[in-house]
Amino acid sequence: MKRTRYITAVLLIFAMIISQSACGNNGGRDTTKITYPTFPTTGVTEETEKPSQTETTSAQIQTDDAQWTILIYVCGSDLESQGSMATVDIEEMLEADTGSNVRFVIETGGAARWEHRGSSSKRLDRFVITGGREEYLGSAETKNMGTEGALEEFLVWAAKNYESEHMGLILWDHGSGSINGVCFDENYNNDSLLLKDISKALASASRYMDDKFDFIGFDACMMSTLESAIQLAPYAEYMVGSQEIEPGYGWDYRTIGDYLGRAPATDAVELGKVICDSFYAACRDIGEEDSCTLAVTDLKRIDDVVAHFDRFAQDLYNATGDTQKISAVIRTIYGIDSFGANNEIEGYTNMVDLGEMIDAGRIVSDNAIAARKAVDNVVLYQVRGSEHSNACGLSTYYPILIQGSQELKIFQNICASTYYVGFVDKIANGLAYGGEIDEYDNYDIAAGIAEPEWEGVDDVQTGESPLISFTYEPQLDEEGTFWFQLSPDGLNNAVAVEAMVFLLSDDYEDAICMGLSTDVLGDWETGYFCDNFDGYWFALDDGQVLCSYLAETGDGYDVFTAPILLNGEEKCLRFIWDYGNTGEVTMIDVWEGISDYGAPGKIGNPLSIGDVITPLYDAFVIDTGEEFYYYGEDYTYYGDNDLQFDIMPDGDYVYCFVIDDIYGDFYTSQLAVMTIEGEDIYFLDELY
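Counting in the numbering used here, the sequence shown runs from 795 upward without gaps.
Encoded structure:
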C-alpha cells in the first residue's frame, strides 16, 4: 500500500495557513469537531523440513504413451507460503481423470514454506502427475526461479525426457505485466523472470524439441500483453493469459485434466477455450467474474500485429508536433481500460488495453483501423467480465505514471516499435520541455538509430506543474462556490481534475486526509471547473468515513479503494459505486495492491464474518510536516457488504483542487477552508 504523492505538495500550503493563523481563529463560530481515536502506529518462519517423497505409488508411473505433456513451472512465492495456493492447484491435477494420455510435469520452488508433501523451500523439486497418481522425480539444490538459468534448466531437462505429440508450458505465480514479468522467488528477494529471460530460456530448450510448444500459458496476473506475445512467438503456436489480476486460485486444473483425458487428440485452441471457460466459471463461483479476463492469442499472427502497430505508432509519433491533437489523444488514453492498479494508494502497473489505446489514436492515425483489426484477428477467444467489457485480450505499456528510469529501459528492449519508444520518450520528457514536445527532437530514437537516456525521468513530479495555467485562477465566488477556468494551453495539458479534502484536528496540529473526490463539475470544452462538494462521503455503516481514492471507472459505475487495517494488517478495501443503476455502494474485496517489487497481490479475498476493519488515513503534523497514519475505530464485519453515503463529521476542513497534467506531474491549488455543521457547509472567504 502506497502513500499518495499529493500529500507532500499540500504540506507547504498548510504551513502558510498556520503561519497566517487562518485556521487558528474561526471567527467565533461555535463548531464541533470530531477527534478520531489514535491507535498505536504499526510498523514466515522457515518450515520444518518434510521427509523427501520418493514415490507416491507402488510402481513407477508409465507415461511414455502420453499424447499431451504440460510442463508447469511453479514458483510458489507468498501465494504458497501464505495461502497454499500452489498446493491446491497440484491437488486439482491429482483429482483430474487424465488417463495415461496426459501428464503434468511440475517443478516447484520459490516459496518460503510448502504445504505440498515433497516440496521444500530448501530445494527445487520435480514431479509427474498422471491418472490421479504423482511420482517424485528428484530434486536439485535451490536456485532462484526468477532467473533465466533456472527456467532454462527445467525446460531443457523436460524437453529431453518428456517430449510428446502435444506440448504445453505454464508459468505459475504472480505476474505483473510487461515490465516486471512473472515468477517472483520469495527466497531470493522476489527476483522475477523478465520477458527477455523467458525468451532466452525458451531458445535454449527449443534446440531439444522437434516442434514449438502448442501453447504457453501464464497462470499469473496481467501477462496477456503484446510484448509477451512477441517474445513467445518463435517458440509457441498460441498464448493463454490474462490482462487483469487473476482472482482466487487461478486456473481450474481438474477441469483442464478431465477435458484432456476425454479428448487427448484435441488441439491447443480448443484446450485454450476450456482453460478460459473453466477459469471464468471458477471466478463466478467466488463472486469475482466481473473483473475476470483470459484470452487465447494466435502467435502465428503476431507479426501482422507488429507491422500494423508500427505504422500506427509512427503516426502517433508524428502527431507529437501538434500539441492540441496529441493532448486529446493522451487525455483519451488516460480514460481507457487499464489493469492491475493505476492509482495513488494501490500503485501503478502502467498496463492499458492495446485495442482501446489504438482507438484513442484514430484522430491522428489513418492506420489505426487496420491496426485494431489486426489485434482483433490475433485474439481467437476470450472471456471477460463486466468491468472489462471492451477489453481486446491484449495489453501494452503506457506511462500513466512512470515508476523510474529502469522501467523505461526494460520496456525499450521489448517494445514492438521504435516509433512507440520515441513516443514514450517524448511523454517521459514532456515536463522538461514545458509540454512543448514538438520542440524535443528525438527522431534518432524513433528511427532506431539511437537509444534514449532515461535518467532524467525519476523525479519529475513537483505538485506545481508549470503546464497548468489559468484564464481565471481558483477562487471563491459570492455564493461560496470554489471554481477556476483553465487557459487554452492549460486545458490542452490537463488530463484530470479532482479535489482533496482534509479534516483538521481539534487543536489544528494535524491534518487528516479523507482522500480524493471526483465530484467536481467541469466542462472540457471551456475549461470551467467548480466544486460540487456536499459534505457526503463513503462510509461504513457505523458512520466512519473512508479515505477513498478512485481506482477505475466504468459504464455507470466507479470502483474506489481505501486504506485499512484488516485484523491488524495493512490492506486496500475495494468497493463499487453503481451510480448508473441501483445507486448502491458495495464492498468487493480486500487486497495488498502492488508490491514494492512490482507484483500485484491476488484479488478475490472476500471479508469473513468477524473480520475487524480499522480505517486508515494519511495524515501529517502541520508544523513539522511529519507524515503518519491516523487510525479510525475498529469495525467488526458481520456479513453486510453495503457501504453508505454519510455526512462527514462536524469540524473544520480544507479543500483543494488537484489537476493532473498529461506528462505525470500535477498542480495543487490554493486551499479553501470550510466548516461542516450538520448538513451545512460554510467556506471562509479567503484562500490560502
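Each residue gets a CB set at the ideal place from its N, CA and C atoms; glycine is no exception.
Note that this is a predicted model, so its numbers are computed, not measured.
Quiz item: Would Gly1141 be called buried (16 or more neighbouring beta carbons within 10 Å of its own) or exposed?
Solution: It counts as buried.
Practice problem: Please confirm whether Ser1036 and Met1016 have their CB atoms less than 8 Å apart. | Solution: Result yes, Cβ atoms of Ser1036 and Met1016 sit closer than 8 Å.
Quiz item: Is there contact between the segment 1449 to 1458 and the segment 1288 to 1298, where contact requires at least three CB pairs shorter than 8 Å?
Solution: Taking 8 Å as the limit for Cβ pairs, the verdict is that the segment 1288 to 1298 does touch the segment 1449 to 1458.
Quiz item: Gly1377: buried (16+ other C-beta within 10 angstroms of its C-beta) or exposed?
Solution: So Gly1377 ends up on the exposed side.
Self-check item: Sheet register partners of Leu1054 (DSSP bridge)
Solution: Partner(s): none; Leu1054 has no beta bridge.
Exercise. Following the continuous alpha helix (DSSP H) through Lys1119, name the residue where it begins and the one where it ends.
Key: Unbroken alpha helix (DSSP H) run through Lys1119: 1117 to 1128.
Quiz item: For Ser993, which three-state DSSP category applies?
Solution: It is helical.
Practice problem: In angstroms with no decimal places, state the Cα-to-Cα distance between Glu1386 and Glu1272. | Solution: Spanning the two alpha carbons is a distance of roughly 45 Å.
Exercise. Could you please give the first and the last residue of the uninterrupted beta strand (DSSP E) stretch that includes Leu1340?
Key: No beta strand (DSSP E) contains Leu1340, which DSSP labels as neither H nor E.
Quiz prompt | CA nearest to the CA of Gln876, picked from Arg1001, Gly1011, Ala1101, Asn1399 | solution = That would be Asn1399, whose Cα lies nearest to the Cα of Gln876.
Quiz item: Under the three-state reduction of DSSP, which class applies to Gly975: helix, strand or coil?
Solution: In the three-state reduction of the DSSP assignment, Gly975 falls in the coil class.
Self-check item: 3-residue-minimum beta strand (DSSP E) runs that sit fully inside the segment 1133 to 1180, ordered along the chain
Solution: With a minimum length of 3 residues, the unbroken runs of beta strand (DSSP E) contained wholly in the segment 1133 to 1180 fall at 1145 to 1147, 1173 to 1178.
Quiz item: Residue range of the beta strand (DSSP E) that Gly1035 falls in?
Solution: Unbroken beta strand (DSSP E) run through Gly1035: 1030 to 1035.
Quiz item: In the segment 1307 to 1378, which residue ranges form an unbroken beta strand (DSSP E) of at least 3 residues, counting only runs that do not cross its ends?
Solution: Every beta strand (DSSP E) of 3 residues or more that sits fully in the segment 1307 to 1378 is shown, in chain order, as 1314 to 1317, 1322 to 1325, 1330 to 1333, 1343 to 1348, 1351 to 1360, 1363 to 1371.
Self-check item: Candidates Pro1041, Arg927, Lys954, Phe978, of which the one nearest Asp1004 by Cα
Solution: Nearest option by C-alpha distance: Lys954.
Quiz prompt | Cβ-Cβ separation, Ser972 to Met1145 (assumed contact under 8 Å), whole Å | solution = Sure, about 7 Å apart at Cβ, within 8 Å.
Quiz item: Whose C-beta lies closer than 6 Å to the C-beta of Phe1296 among residues of the same chain, with five residues either side of it excluded?
Solution: Within the same chain, Phe1296 has close Cβ partners Ala1305, Cys1307, Val1448.
Practice problem: Using the DSSP secondary-structure output, state which residues sit across from Gln1464 in a beta bridge. | Solution: Gln1464 is not bridged to any residue.
Quiz prompt | For Val896: DSSP bridge partner residues | solution = Looking at the DSSP assignment, Val896 forms a beta bridge with Trp862.
Practice problem: With DSSP collapsed to three states, give me the class of His960. | Solution: In this structure, His960 counts as strand in the three-state DSSP scheme.
Quiz item: In whole angstroms, what is the alpha-carbon distance linking Leu1360 and Glu1427?
Solution: Here the C-alpha atom of Leu1360 lies approximately 12 Å from the C-alpha atom of Glu1427.
Practice problem: Would you mind working out which of Glu1364, Phe1276, Ile1120 sits nearest Leu1481, comparing C-alpha positions? | Solution: Residue Phe1276 is the option with its Cα nearest to Leu1481.
Quiz item: Which same chain residues, not among the five before or five after Val868, have their C-beta less than 7 Å away from its C-beta?
Solution: Excluding positions up to five away in sequence, the list reads Ala880, Ile900, Glu901, Thr902, Trp966.
Quiz item: How close, in whole Å, do the beta carbons of Val896 and Gly1149 come, if the pair is a contact with beta carbons under 8 Å?
Solution: 34 Å between Cβ atoms; not a contact.
Exercise. Scan the segment 1174 to 1246 and note each continuous alpha helix (DSSP H) run of 4 residues or more that stays entirely inside, going in chain order.
Key: Listed in chain order, the alpha helix (DSSP H) elements of length 4 or more contained wholly in the segment 1174 to 1246 are 1199 to 1206, 1212 to 1222, 1237 to 1240.
Practice problem: Give me the Cα-Cα distance between Leu1298 and Trp908, rounded to the nearest whole angstrom. | Solution: About 48 Å.
Quiz item: How long is the line joining the alpha carbons of Ser1259 and Leu1340, rounded to whole angstroms?
Solution: When rounded, the separation of the alpha-carbon atoms in Ser1259 and Leu1340 is 28 Å.
Quiz item: According to DSSP, which residues form a beta bridge with Cys869?
Solution: Answer is Gly903.
Self-check item: contact_flag[the segment 1171 to 1188, the segment 1090 to 1108] where n(CB pairs < 8 Å) is 3 or more
Solution: Judged by Cβ distances under 8 Å, the segment 1171 to 1188 makes contact with the segment 1090 to 1108, as three or more pairs qualify.
Quiz item: In three-state terms, what does DSSP make of Cys1077?
Solution: Looking at Cys1077 - three-state DSSP - the assignment turns out to be helix.
Practice problem: Report the rounded CA-to-CA distance for Tyr1029 versus Arg1105, giving the unit in angstroms. | Solution: For Tyr1029 and Arg1105, the distance between alpha carbons rounds to 25 Å.
Quiz item: In this structure, what does DSSP give as the bridge partners for Val922?
Solution: According to DSSP, which records beta bridges pairwise, Val922 is partnered with Val899, Glu929.
Exercise. Taking Ala1122 as the reference, give the member of Asp1147, Ile1157, Asp1131 with the closest Cα.
Key: Of Asp1147, Ile1157, Asp1131, the residue nearest in Cα terms is Ile1157.
Quiz item: Just curious, the alpha helix (DSSP H) that Ser1022 is in, first and last residue?
Solution: Element bounds for Ser1022: 1020 to 1026.
Exercise. Please name the residue in Val1177, Arg1166, Glu1292, Gly1229 whose C-alpha comes closest to that of Val1075.
Key: Residue 1075 is actually Ala in this sequence, not Val. Measuring from the Cα of Ala1075, the nearest candidate turns out to be Val1177.
Exercise. Look up Thr1380 in the DSSP assignment and say whether it is helix, strand or coil.
Key: In the three-state scheme derived from DSSP, where H, G and I count as helix and E and B as strand, Thr1380 is classed as strand.
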